[in-house]
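Protein sequence lines correspond, in order, to chains D and C.
If you're matching positions, the first sequence starts at 37 in this note's numbering and goes up one per residue.
If you're matching positions, the second sequence starts at 53 in this note's numbering and goes up one per residue.
Encoded as structure tokens, the structure appears first; notes follow it.
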Amino acid sequence: MTDLRSLRSDFPILSRSINGHPLVYLDSAATTQKPVAVLDAMEAYYRTSNANVHRGAHTLAAEATELYEGARSKVARFIGADPAQTVFTRGTTTAINHIAYGWGLDRLKQGDRILVTIAEHHANIVPWQIIARHTGAELVYLELTDDYTVDIGELESVIDDRIKIVSFSGMSNVTGALGPIDVLSQAARSVDALVVLDAAQLVPHQPVDVNQIDVDFLAFSSHKMLGPTGIGAMWGKPERLEEMEPTEGGGEMINIVERHTSTWAPVPHKFEAGTPPIAEAVGFGAAVDYLDAIGMDVIAAHERDLTTYALEKLSEIPDLRVYGPKDATKRGGAVSFELADIHAHDIATILDQDGIAVRAGHHCARPLMKYLGVPATARASFYLYNVPEEVDALAEGLLKARQIFGLS
Amino acid sequence: MSQLDELYREVILDHYRNPRKRGTLNGAHVHAEGNNPSCGDEFSIDVAIEDGKITDAAMQGQGCSISQASGSMMMDAIIGKSLAEVSDLTTKFKTMMTIEEGENPVDPDRPGSVLGDLEALQGVRKFPVRIKCADLAWATLSDALEQAEKAS
Numbered sequence: 037m038t039d040l041r042s043l044r045s046d047f048p049i050l051s052r053s054i055n056g057h058p059l060v061y062l063d064s065a066a067t068t069q070k071p072v073a074v075l076d077a078m079e080a081y082y083r084t085s086n087a088n089v090h091r092g093a094h095t096l097a098a099e100a101t102e103l104y105e106g107a108r109s110k111v112a113r114f115i116g117a118d119p120a121q122t123v124f125t126r127g128t129t130t131a132i133n134h135i136a137y138g139w140g141l142d143r144l145k146q147g148d149r150i151l152v153t154i155a156e157h158h159a160n161i162v163p164w165q166i167i168a169r170h171t172g173a174e175l176v177y178l179e180l181t182d183d184y185t186v187d188i189g190e191l192e193s194v195i196d197d198r199i200k201i202v203s204f205s206g207m208s209n210v211t212g213a214l215g216p217i218d219v220l221s222q223a224a225r226s227v228d229a230l231v232v233l234d235a236a237q238l239v240p241h242q243p244v245d246v247n248q249i250d251v252d253f254l255a256f257s258s259h260k261m262l263g264p265t266g267i268g269a270m271w272g273k274p275e276r277l278e279e280m281e282p283t284e285g286g287g288e289m290i291n292i293v294e295r296h297t298s299t300w301a302p303v304p305h306k307f308e309a310g311t312p313p314i315a316e317a318v319g320f321g322a323a324v325d326y327l328d329a330i331g332m333d334v335i336a337a338h339e340r341d342l343t344t345y346a347l348e349k350l351s352e353i354p355d356l357r358v359y360g361p362k363d364a365t366k367r368g369g370a371v372s373f374e375l376a377d378i379h380a381h382d383i384a385t386i387l388d389q390d391g392i393a394v395r396a397g398h399h400c401a402r403p404l405m406k407y408l409g410v411p412a413t414a415r416a417s418f419y420l421y422n423v424p425e426e427v428d429a430l431a432e433g434l435l436k437a438r439q440i441f442g443l444s
Numbered sequence: 053m054s055q056l057d058e059l060y061r062e063v064i065l066d067h068y069r070n071p072r073k074r075g076t077l078n079g080a081h082v083h084a085e086g087n088n089p090s091c092g093d094e095f096s097i098d099v100a101i102e103d104g105k106i107t108d109a110a111m112q113g114q115g116c117s118i119s120q121a122s123g124s125m126m127m128d129a130i131i132g133k134s135l136a137e138v139s140d141l142t143t144k145f146k147t148m149m150t151i152e153e154g155e156n157p158v159d160p161d162r163p164g165s166v167l168g169d170l171e172a173l174q175g176v177r178k179f180p181v182r183i184k185c186a187d188l189a190w191a192t193l194s195d196a197l198e199q200a201e202k203a204s
């Protein structure tokens, strides 16, 4: 297993104890912990360079602008993109809303269809529901195969001229399954549909290069990749960003404002109304620097090993059912499971008493939960700072949960 | 007793695994549904009321042991009671769930002492994020009773 153990000391929170036990943080799919490098970068910005960006002629304003735009360049480079096509947003959710409103609202009409998968996060369902309601378009779903990957066998019967947008996740936050990016984008191209990739779980965990995939938009969040909350990125193909309307108006996003009309600033600023989260951008930049220094291929390999180990350990626990691919090459490190008749919240509470943090609930994917026929699942998710002993602790905690519920 | 043992008392697990009055009612009744969107717990209730008294009730739902056991215990506690008694019980239950830790919850003058099986839920107070689980059934009941009041 790739040993990244020495990195743990970069994350102050990992030395905390919870309920008298060392923290075992297995909830990185919800949000990740932050290394000192990110915390320091944000603090240094506030201590030495704080000012508003893109305005004012003073030195601090210039420094802040340089830091903010420098962060954009780092984040863009991280996915092989041009900074001019990399928009800072509040996160993945905001990015998808930008696309749904800014691109979809004017272009969709009655009879059109938006294709998603049943494994989507609410962030990639609800904006489309709203746009469908406004335009009369219809939201249609691809379902899953027995191994919890998207059923691409259904594509042929679903893909036709009515499909105008295909939006799907690169990696499920529930099942961990990798999305069939190439297959879905090719299918979308065959009917000239827009391709949107929800990369909230993908970009933090695997190398992603926008030049190697054929999507129109890609969205991800800083806080799921060691950076602060409140910021994320939306990358788009230049022509798509040009034709897309801004969904928020205000300062920063304009060129000239008259009494009754305005013209827009060039992309990416057209989509960044108001004072942006500058310190957060600086932190986001520091986070991608940190990930880059380790190497995304190294991180992906580490997580694959850890996930393989976890799937093996979990398979030894009686009455435990994993909802996700068993093959570690088809998935990332978010492992959802159910244990006998013990509800996920009860599992999470019992694990928390031993300092183990897992997520319990519907994971913002209620349609998927209904599809799987479960009210909720527990989810352990891994990142570069997790070690095999933490998987062992999880397994022990689950055996304890069985005992408490009277299952030997 | 460890905090976990206090939370998962036998009586709670019994109600969780063998919920009382699971199902729906035929005949005249009010119906209410509640859920905790953050965790996905769902609970629905049918309540038949005659002459100011709950003559029958039935529940359906899915969720954690605390939410479902709380609902099942509530069924036991409310059927056959007058609306005034149920209102009193609801207040006492809510009071029990908000008593500060360290106060003696089994003191006979404490509201907890008249709650029967429901007293077992006081272990939940040590797990603040779980209190909403215990409350769900009661909030749904209140909705149902409000509807009944409006309809009468």
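Every residue gets a Cβ at the ideal spot worked out from N, C-alpha and C, and that includes glycine.
Values in this document were obtained by computation on a predicted structure and should not be read as measured data.
Please indicate yes or no: does the CB of residue i lie closer than 8 Å to some heavy atom of the ligand SAH?
i	result
residue 78 of chain C	Inclusion of the ligand SAH in the displayed structure is not the case, the ligand content being empty and no account of it being possible.
Determine the burial state of residue i: buried for a count of at least 16 other Cβ atoms within 10 Å of its Cβ, exposed for fewer.
i	result
residue 164 of chain C	With a pLDDT of only 47 at residue 164 of chain C, under the threshold of 50, the placement of this residue in the model should not be trusted; the figure read from the coordinates follows. Buried, by the Cβ-count rule.
residue 174 of chain C	buried
residue 351 of chain D	exposed
residue 160 of chain D	buried
residue 178 of chain C	exposed
residue 49 of chain D	exposed
residue 115 of chain C	buried
residue 248 of chain D	exposed
residue 144 of chain D	buried
residue 64 of chain D	buried
residue 70 of chain C	exposed
residue 91 of chain D	exposed
Step through the CB atoms of chain C and report whether any lies within less than 9 Å of the CB of residue i.
i	result
residue 403 of chain D	no
residue 63 of chain D	no
residue 379 of chain D	yes
residue 451 of chain D	Coverage of chain D is limited to positions 37 through 444, which leaves residue 451 of chain D absent and any answer about it impossible.
residue 373 of chain D	no
residue 433 of chain D	no
residue 440 of chain D	yes
residue 382 of chain D	yes
Does residue i get closer than 9 Å to chain D when you measure Cβ to Cβ?
i	result
residue 54 of chain C	yes
residue 160 of chain C	In this prediction, residue 160 of chain C scores a pLDDT of 44, lower than 50, which makes its location untrustworthy; no coordinate-derived value is stated.
residue 179 of chain C	yes
residue 93 of chain C	yes
residue 169 of chain C	no
residue 114 of chain C	yes
residue 173 of chain C	no
residue 74 of chain C	no
residue 59 of chain C	yes
residue 96 of chain C	no
residue 65 of chain C	yes
residue 130 of chain C	no
residue 90 of chain C	yes
residue 122 of chain C	no
residue 118 of chain C	yes
Report all residues from its chain with a CB closer than 8 Å to the CB of residue i; omit the five preceding and five following residues, and keep chain order.
i	result
residue 238 of chain D	205, 206, 207, 214, 215, 244, 256 and 368
residue 349 of chain D	427, 428, 430 and 431
residue 190 of chain C	122, 126, 142, 145 and 146
residue 186 of chain C	118, 119, 122, 149, 173 and 176
residue 281 of chain D	137, 138, 139, 141 and 142
residue 225 of chain D	231 and 250
Considering only residues of the same chain and omitting the five flanking positions on each side of residue i, which have a CB-CB separation below 7 Å?
i	result
residue 198 of chain D	147, 148 and 149
residue 344 of chain D	364
Sorted by chain position, which residues of the same chain lie with C-beta nearer than 6 Å to residue i's C-beta, five sequence neighbours on each side aside?
i	result
residue 240 of chain D	260 and 261
residue 107 of chain C	100
residue 409 of chain D	none
residue 346 of chain D	371 and 427
residue 179 of chain D	154 and 187
* Would the stretch 311-327 of chain D and the stretch 263-270 of chain D be scored as touching if the rule is three or more Cβ pairs under 8 Å? -> yes
Note down, in chain order, all residues in the stretch 385-404 of chain D with a beta-carbon under 8 Å from any beta-carbon belonging to chain E.
-> Annotation note: the requested chain E is absent from the structure, which comprises protein chains D and C.
For the stretch 54-119 of chain C, which segments carrying the alpha helix (DSSP H) assignment without a break, of at least 4 residues, lie completely within its bounds, in sequence order?
55-59 and 62-69
Take every Cβ of the stretch 352-366 of chain D, pair it with every Cβ of the stretch 133-144 of chain D, and state whether three or more of those distances are shorter than 8 Å.
no
Quiz prompt | Cβ contact (3+ pairs, closer than 8 Å) linking the stretch 121-131 of chain D and the stretch 291-308 of chain D | solution = yes
Practice item. Would you check if the stretch 176-194 of chain C and the stretch 71-80 of chain C touch, i.e. whether three or more CB-CB distances between them fall below 8 Å? Key: no
| said: Could you tell me which whole beta strand (DSSP E) segments of length 3 or greater appear in the stretch 112-185 of chain D? | reply: 122-125, 149-153 and 174-178
Taking 8 Å as the threshold, find out whether the stretch 99-118 of chain D comes into contact with the stretch 269-276 of chain D through three or more Cβ pairs.
yes
- Task: Report yes or no: do the stretch 361-379 of chain D and the stretch 181-188 of chain D share at least 3 C-beta pairs separated by less than 8 Å?
- Result: yes
Report task. Could you tell me whether the stretch 279-293 of chain D touches the stretch 165-173 of chain D, where touching means 3 or more Cβ pairs closer than 8 Å? Result -> no
Ordered list of alpha helix (DSSP H) runs contained in the stretch 370-415 of chain D, each at least 4 residues: 380-388 and 402-408
* Asked: Is the number of C-beta pairs between the stretch 69-87 of chain D and the stretch 323-333 of chain D that are closer than 8 Å three or more?
  -> yes
Does the stretch 378-385 of chain D come into contact with the stretch 407-421 of chain D, if we say contact requires no fewer than three beta-carbon pairs (one atom in each stretch) closer than 8 Å? yes
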